[in-house]
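Numbering (my numbering), first residue to last: 6 to 231. Only one structure is covered here, and it is reproduced in the block below.
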């Protein structure tokens, strides 16, 4: 439902202990609404990528509380978190992490096959729908390694969408793309947010990309500036 809280971070703090003790996240609290397109920005070392990995449940060594879809995730086992991530969080990284020898279709289907909620035929049909949404349906049977960088990133977005996640999280999702493909990826995210109600949290160094999103959270020295 639009405007309901999908993610809530309460007093998140994190320190690195080696080589010296260093607090990288300092009392971070904020909420993200359903359908919101949010960008985390800040200089290198500001803590934005560290925060994203805490929010994604991939980093569990923190203090505070993390809620996603109203569920407290802090304190759950690694296996519980892995299952939750696969069902409720989609990921788009700077590098696409596709299996180059697999077809585009097979790459997209993998998270859904792992979730095992639907038949293979249903998952394949859904994968084709995602490819059609992203204008990539004609590439479905091509090996992922034969695609351009921009095409590969669109396939990575389709893969992130396959399980209907509550949130898509992007870590520099346009970091390896030229300006043309950066614009394409932004337009895809904006369309997903506005038309599909998809919640998106993206870390980016691209200020133009960030300024066009719904909300920007700028970080500095492990704290939220605004």
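The beta carbon of each residue, even a glycine, is placed where N, CA and C say it ideally should be. Only a predicted model underlies this, so the values are computations on that prediction, with no experimental measurement involved.
Rounded C-alpha distance that separates residue i from residue j
i	j	result
residue 212	residue 184	13 Å
residue 133	residue 88	24 Å
residue 95	residue 68	24 Å
residue 10	residue 192	24 Å
residue 208	residue 109	25 Å
residue 58	residue 156	25 Å
residue 123	residue 138	20 Å
residue 178	residue 171	18 Å
residue 3	residue 26	The structure shown has nothing for residue 3, since the chain only spans 6 to 231.
residue 204	residue 125	26 Å
residue 130	residue 23	48 Å
residue 80	residue 86	9 Å
residue 182	residue 76	35 Å
residue 111	residue 214	30 Å
residue 35	residue 13	6 Å
Member of the options whose CA lies at the smallest distance from the CA of residue i
i	options	result
residue 221	44, 80, 150, 36	44
residue 37	110, 173, 181, 55	173
residue 63	90, 108, 175, 160	90
residue 74	152, 106, 40	40
residue 16	60, 83, 27	60
residue 140	112, 86, 189, 181	189
residue 107	35, 160, 49, 83	160
residue 49	202, 152, 210, 13	210
Residues near residue i by beta carbon distance below 6 Å, same chain, minus five either side
i	result
residue 218	42, 44
residue 186	155
residue 78	62, 71
residue 136	142, 145, 163
residue 150	105
residue 175	97, 207
residue 180	99
residue 66	none
Contacts around residue i, its chain only, beta-carbon distance under 8 Å, and the 5 residues preceding and following it disregarded
i	result
residue 29	19, 20, 21, 52, 55, 227
residue 224	45, 46, 47, 51, 52, 53, 56, 230
residue 158	97, 101, 178, 179, 181, 182, 186, 190
Contact set for residue i: own chain, Cβ-Cβ below 7 Å, skip 5 residues either direction
i	result
residue 92	120, 168
residue 128	114, 117, 118
Beta-bridge pairing of residue i - partner residues as DSSP gives them
i	result
residue 220	43
residue 1	Residue 1 cannot be examined here, being either before or after the span of the chain that is shown, 6 to 231.
residue 148	108
residue 173	95, 205
residue 72	13, 77
residue 160	Answer is none; residue 160 lacks a bridge partner.
residue 30	19
residue 35	14
residue 229	224
Review point. Are the stretch 146-155 and the stretch 191-199 in contact at 8 Å, needing three or more beta carbon pairs?
Key: A contact is defined here as three or more CB-CB pairs under 8 Å, and the stretch 146-155 fails this definition with respect to the stretch 191-199.
Review point. Are the stretch 149-167 and the stretch 99-116 touching by the rule of at least three beta carbon pairs closer than 8 Å?
Key: Contact between the stretch 149-167 and the stretch 99-116 is present, because at least three Cβ pairs lie under 8 Å.
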